[in-house]
Structures are given as C-alpha cells and as structure tokens.
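These notes concern the structure reproduced below.
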Amino acid sequence: MRLRSKLWIVTDEGEKLFGDGPYRLLLGVQKTGSLKRAAEEQKMAYSKAYMMIKALEQRLGIKLLNFYKGGKGGGRAELTGDGLKLLEKYGEFRNRAQDYLDELFAAYFKEE
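Counting from 1, position 65 in the sequence shown corresponds to residue 65 in UniProt numbering; the numbering is continuous, with no gaps.
This is the structure we're talking about:
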C-alpha cells in the first residue's frame, strides 16, 4: 500500500493555476528546447500547450517562455528567468511535500 497525491496551486477564487501538467510541460521545454516537442511528449496538441502557457503567463503576470522563430535549424523556445524560477520552486516544493506526505502516511498506515 502506498500514497498517491496530486498538488496544484489555485487562485484565491479556487481556479487551478499551476500543477503537475504545466510543470511537466515546462520541464519538457527545458529539456528539448521546444514547446512542440514538449507537448508531443505529454501527448498534447501544440495549440493546447501554447494556450496553456499564454494563459499561465497572463494569470501569473510573468513571462515563462521566450520563443525564437525558425530558420535553418528550426525555431526554439527557452524558459525565461521567471519561468526557470517557477519551475525550480515548484519542483522543490513538490518534492518536499511528497517527502512529508510519505512520512505522514507511514506514521498512520505503517504495516505491522
């Protein structure tokens, strides 16, 4: 038996703002240098991924990605400083929260 949980950040009104989906998408951009490839890895349409990023940027009031037009080598995307900060903070928060939840789960549901 083990614990499974999901965390996401919501607005004061309860609207989902940021969680594992956008986190994985930004990680994918960091890894591949491309929103299109990151979206493909998540089995998501590019248009949906693009709209997700733009909606996040609007709600957060920060720019998450810089896009560079194609050419010989094709276009690319990279995280902005704010995007990288968000990715790092959420990743650390997520990991620490999971560690705490695992400890709490073990304290209450320890197999005897």
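Backbone N, C-alpha and C define an ideal beta-carbon position, used for all residues, glycine too.
- Judged by beta-carbon spacing, R96 lies beyond the 7 Å limit of G33, meaning their Cβ atoms are not closer than that value.
- Given a length threshold of 3 residues, each whole run of the beta strand (DSSP E) inside the UniProt domain "HTH lysR-type" (24-83) is given here in chain order: 65-68, 76-79.
- Put simply, the backbone Cα of T80 is about 31 Å away from that of L101.
- By the CB criterion at 7 Å, A49 and L26 fall outside the cutoff.
- About 15 Å separates the beta carbon of L87 from that of Q42, a gap too long to meet the 8 Å contact definition.
- In this structure, the CA atom of G91 is about 30 Å from the CA atom of G70.
- K63 and E57 have their C-alpha atoms roughly 5 Å apart.
- For V10, the CB contacts under 8 Å within the same chain, skipping 5 residues up- and downstream, are K16, L17 in chain order.
- DSSP links K16 through a beta bridge to V10.
- By the neighbour-count criterion, in which a residue is buried when 16 or more other Cβ atoms sit within 10 angstroms of its Cβ, G83 is buried.
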